[in-house]
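Chains as they are written, first to last, in my numbering: chain A, 28 to 425; chain B, 637 to 964; chain C, 2 to 273.
Note that the Cβ used here is the ideal one computed from N, Cα and C, for glycine as well.
Here the structure is laid out as structure tokens; the discussion comes afterwards.
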Amino acid sequence: MKICRVAMLAALALVSGAALAQTIKIGFITSYSGLNANLGPYMERAVRLYIKQHGKELPPGVKIELLVRDDTGVNPDRARQLAQELVVREKVNLLAGVVFTPNAMSIAPIATEAKVPFVIMNAGTSVITARSPYIVRTSFTLWQSSYPLGQWAAKRYKTAYTMVSDFGPGHDSEEAFIKGFTEGGGKIVGSVRVPLQNPDFAAYMQRVKDAKPDALKVFIPAGKTATAVMKNFSDLGLDKAGIKLIGPGDITTDEELPNMGDVALGVLTVHHYSAAASRPANKAFVEAWKKEYGANETPNFLSAGSWDGTAMIFEAIKQQKGKLDPDKTMEIFKSWKWADSPRGPISIDPETRDVVHNEYLREVRKVDGKLANVELETVATAVKDPWKELQKKAPAKK
Amino acid sequence: MTGYTGNPRIRWTEWLPWLLAGAVFFLLPEYLALGARILIFILFALSLDLILGYAGIITLGHSAFFGLGAYVAGCISAKAGVTDPFVQLAAAALAAGLLGVLTGAVILRTRALTLLMLTMAITSILLEIANKWTSMTGGADGLSGVTVAPILGAFRFDLFGRVAFIYCLVALFLAWFLVRRLIYSPFGAMLTGMRENTTRMHAVGAPVYLRLIAVYTISAVMAGVAGALLTQTNQFVGLNVLGFELAGELLVMLILGGVGRIYGAFIGPVVYLIAQDYLAKQFPEYWYFGIGFILVLVVIFAPGGILGLLDKCLPSWKRRSSARASAR
Amino acid sequence: MILYVISVGLSVTMGLMGFINLAHGVFAMAGGYVFATALGRLGMPFPLALLLAFVITGLLSVVLERLLYSRLYSAGELAQVLFTIGLIFMAVAVARAIYGTLAPPVFLPEYLRGQVHVLGRDFPTYRVFLILFSAILIVSLWFGVERTRWGAMVRAAVDHRAMAQSVGINTRRLFTLTFALGSGLAGLGGGLGADIIAVQPTYPFEHLVFFLIVVALGGLGSLRGPFIAALLLGIADTACKYWIPELGAFLIYAATIGVLLWRPMGLFGTRV
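Next comes the structure, spelled out in structure tokens:
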């Protein structure tokens, strides 16, 4: 079989000059409806913008076809169905996208069975990359943001309360923060997990207020839930009671900030990407975004994840001259590095196939009259996913 | 509606669906995953039709049984390591049946709105449990790691869905056979009697309450099996199996096909799921709107669903052909 | 408490008119959107925006009632259930198409934000306002139904439509008006609640169970019932989330089942 393949490739190579355009099909699954459904477009736009800007870098005769599918929110059943169809019916070369962890988890077995590389451009629970050897992630993990957050917070605050949404990323963020915070000498006075759908934060906020922590660390899925949290935080007077709101950057996403109003001012977060970052690569990115999609539009961290993911895919296409072999592609992915991404230097950890990047401390301030996540300092550099690092050190622990 | 007065012998037209399924298996190998899904929903719709169409119980809580079956099958595989598919099915059927008997005994004393409310409340409770009991159900993340051993040691569930399709087809066939026997029996006659005129049934001395529980339980078992099949073919369970949107969609499918007749449960899901496969991806908003619109139209103008419409067309067709015959 | 305002409309239509209207949430959602748009984009003052929500939703319901609902007054429960579910689907799609999937931002006026100090504890101003508003609402509604001629006519028409018609009451118009009132109240509730319960396209589905629970628990055809039910539910829900967050909404459902089994007609129901 191998000789056959080599012979075929050789034959193809010979006629490649005269060959017709080769299409790389990418099955792009993200959310356009359902919970926090506005996030899908942020990912798709980033991918398309990159393709538009860098299309000429592709080998001659190669073009990319993006097959976009809506998984309708947190719907692992549907996501799996879509992935299966993309792989079996459309015969895609790559799978990409996915906002939500449950969806990514259900797609994983399909990637493995069909040997289709799956580039995760958002879903942030640490364990996902372990579910299939064909998964590589260019977005982030909650441990990467919440663990340094905990360590940093322990230097400033003595006590903290955690409030997270009750699903994979939430659990990760809670665990990571608590570990970082307690390691630094802080004390956790309370933890609560809020249901993912229909959370009415008022009752929970009241509890937090009564516990009187120095800081409240929140994690909820990026988007309008964050606005609801902000409102409840101020409505119940927690800010006046001296409790500081902190969390990973998901709670102050760039596109949702204008809706939060001034109540978000002063919130401190730790994250790998802010649209207000001043490095040149990001300025160019944001400028191109506004030019293409409108002056009032802004990219967010999902866009960053998708942008970088597309850059990585391009690298694989260029190196293989448009003929994607799944295993070779994974090799290229695993050794990918980019010093000039909008979020700073980024690379993939070959052992875990997860992204490695810097984490920055940001504060919500008013810049030119608009709210923005201003990056104050780099809290941690080249952070590998702490959870997996911990797993390596203590394999007996689950 | 045809029912117990019909001839219990199987008409030749009733073999058509099975022939069609066989044809699909050989001619459309790329669509078998969708096909398996359709078969599962036909089973689900059939279970609902049993109580909705034949016994007249309006419920929005049928996904409780479906979801319970799905989760039981998933949990004993992922958490207890039981991978034999038939054992999983049996466990799901048992659990769903148990829930059916228990809840049926309790809620079937009420009617109309109260009954509807109670069915929804039960489903909501199950949803809450599934949501909170993350160690068992995976919560909002869903339950992954469900493995199903190859059937009879030889047939593995593959990516293309071939085995899944045949598996579901066999399950559906058995269920269909059972339902048919039920409908065309004195039991079925009494079901229709209860639907049409409950008071008189009481007067005739029929044990209405007990029979209602019986049919409710049978329906619950079928729904539970359908749920388990979904878990087995997907090797995954998500919270949406217990959601109201699923129950709503099922209702639409059944109404579309025609309530109170076995084949309504066949036609409805086929039409709905195929249409959804083509249209929903391209135009999700229009799809949703279209479904609602069709539902409204069907309710106002064609309460018998597609089969109902066919019923109206066919007699005139028959009349014309017999007129032609007699004219010669 | 927002639940009450929305649910009382449902109790009115379902109890007084015997029509199972699952699409009630649609009117609440419509009101919410109108309110948010008026307040946000058109910059109207708060009370005016609320009024607009009430009126527009009421008008919308009249249109729907005349065109569609009236055909199904005598159809079975199944038909009504299916029809209203179909309406929900359509409304959800329309809302998504017009407004997108994000909830429109709602910025309350200054005098309603922050907190008031009552009995030694701080309460969010807005919620206190809601409770007071609902109380006023129930009083005026009760007054309307029990003491006015209109209320008497509605009760008569519901009890025995033919008889009422023979006495000269225009039942058709009466039903339309009552339906408009019920739906308008839903719209009002949606607007009032827009700050707390986000107005998004999936609104009717998400909160359907709650509306129905409040009505079923409180009892059809009664006004006091849903109020007390909503009050109890609201308190129980908040208390549960405060003391035992792990159980969540579980207790609410269990309580519903318990109460409905003990009293199938609800706590204060006059008819099933």
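With DSSP as the reference, label residue i as helix, strand or coil.
i, result
"Ala123/A", "strand"
"Ile898/B", "coil"
"Thr408/A", "strand"
"Ala963/B", "Caution is warranted here: a pLDDT of 48 is assigned to Ala963/B, below 50, making its placement in the model unreliable, and no coordinate value can be reported."
"Cys31/A", "The pLDDT assigned to Cys31/A is 46, lower than 50, so where the model puts this residue is not dependable, and the model offers no usable value."
"Phe823/B", "helix"
"Lys79/A", "helix"
"Ile162/A", "strand"
"Phe796/B", "coil"
"Phe809/B", "helix"
"Phe791/B", "strand"
"Lys715/B", "coil"
"Val784/B", "coil"
"Val140/C", "helix"
Taking the DSSP output, what are the residues bridged to residue i?
i, result
"Lys419/A", "None; Lys419/A has no bridge partner."
"Glu402/A", "Arg389/A"
"Ile273/A", "Lys244/A, Leu295/A"
"Glu92/A", "Lys52/A"
"His384/A", "Val410/A"
"Arg105/A", "Arg105/A is not bridged to any residue."
"Arg306/A", "Partner(s): none; Arg306/A has no beta bridge."
"Asp97/A", "Thr57/A"
"Leu779/B", "Val873/B"
From what residue to what residue does the alpha helix (DSSP H) around residue i run?
i, result
"Tyr231/A", "228-238"
"Arg370/A", "No alpha helix (DSSP H) holds Arg370/A; DSSP gives it neither H nor E."
"Thr867/B", "844-870"
"Arg183/A", "169-183"
"Val56/C", "47-68"
"Arg173/C", "172-194"
"Thr139/A", "128-141"
"Ala727/B", "721-743"
"Lys206/A", "195-210"
"Gln346/A", "328-346"
"Lys350/A", "Neither: Lys350/A is in no alpha helix (DSSP H) and is coded neither H nor E."
"Asn22/C", "Careful: Asn22/C lies outside any alpha helix (DSSP H) and carries neither H nor E."
"Ser301/A", "Looking at the DSSP string, Ser301/A is not in any alpha helix (DSSP H), and its letter there is neither H nor E."
If residue i sits next to residue j, beta carbons under 8 Å apart, how far is it from one beta carbon to the other, in whole angstroms?
i, j, result
"Glu390/A", "Gly293/A", "7 Å"
"Gly191/C", "Ile7/C", "7 Å"
"Leu779/B", "Gly879/B", "Rounded, the Cβ-Cβ distance is 15 Å, inconsistent with contact."
"Gly213/A", "Ala180/A", "7 Å"
"Ser713/B", "Val660/B", "No, Ser713/B and Val660/B are not in contact; Cβ-Cβ is about 28 Å, not under 8 Å."
"Gly177/A", "Phe228/A", "Wrong, their Cβ atoms sit about 22 Å apart, outside the cutoff."
"Gln171/A", "Asp335/A", "Not really, about 14 Å apart at Cβ, beyond 8 Å."
"Arg164/A", "Ile147/A", "4 Å"
"Phe184/A", "Lys267/A", "The sequence shown places Tyr at residue 184/A, not Phe. Wrong, their Cβ atoms sit about 17 Å apart, outside the cutoff."
"Thr325/A", "Glu378/A", "In fact, because the Cβ distance is near 34 Å, the residues do not count as touching under 8 Å."
Where do the N-terminal and C-terminal ends of the beta strand (DSSP E) with residue i fall, by residue?
i, result
"Ser192/A", "186-192"
"Lys52/A", "49-57"
"Ser218/A", "214-221"
"Val256/A", "Unbroken run through Val256/A is the alpha helix (DSSP H), 251-262; no beta strand (DSSP E)."
"Ile147/A", "145-147"
Which residues in chain B sit within 7 Å of residue i, going by Cβ to Cβ distance?
i, result
"Leu213/C", "Met753, Met756"
"Gly195/A", "Asp777"
"Leu262/C", "Val742"
"Arg107/A", "Asn870, Phe872"
Listing by chain order, which chain A residues have their CB less than 9 Å from the CB of residue i?
i, result
"Phe801/B", "By Cβ distance, chain A contributes nothing, its closest Cβ being about 13 Å from Phe801/B, past 9 Å."
"Gln724/B", "Neighbours of Gln724/B on chain A: none; closest Cβ ~17 Å, over 9 Å."
"Phe793/B", "Residues of chain A passing the Cβ test: none, with the nearest at roughly 10 Å."
Taking 7 Å as the cut-off, is the CB of residue i close to at least one heavy atom of the ligand MN?
i, result
"Gly710/B", "Here there are no bound small molecules, and the ligand MN is not part of this structure."
Name the chain C residues whose beta carbon is nearer than 7 Å to that of residue i?
i, result
"Gly894/B", "Chain C residues near Gly894/B: none, gap ~13 Å exceeds 7 Å."
"Pro939/B", "Ala80"
Could you list which residues in chain C have their beta carbon closer than 8 Å to that of residue i, in chain order?
i, result
"Val932/B", "Leu69, Phe84, Gly87, Leu88, Met91"
What does residue i reach in chain B if we use C-beta pairs closer than 9 Å?
i, result
"Arg150/C", "Simply none; closest approach about 29 Å."
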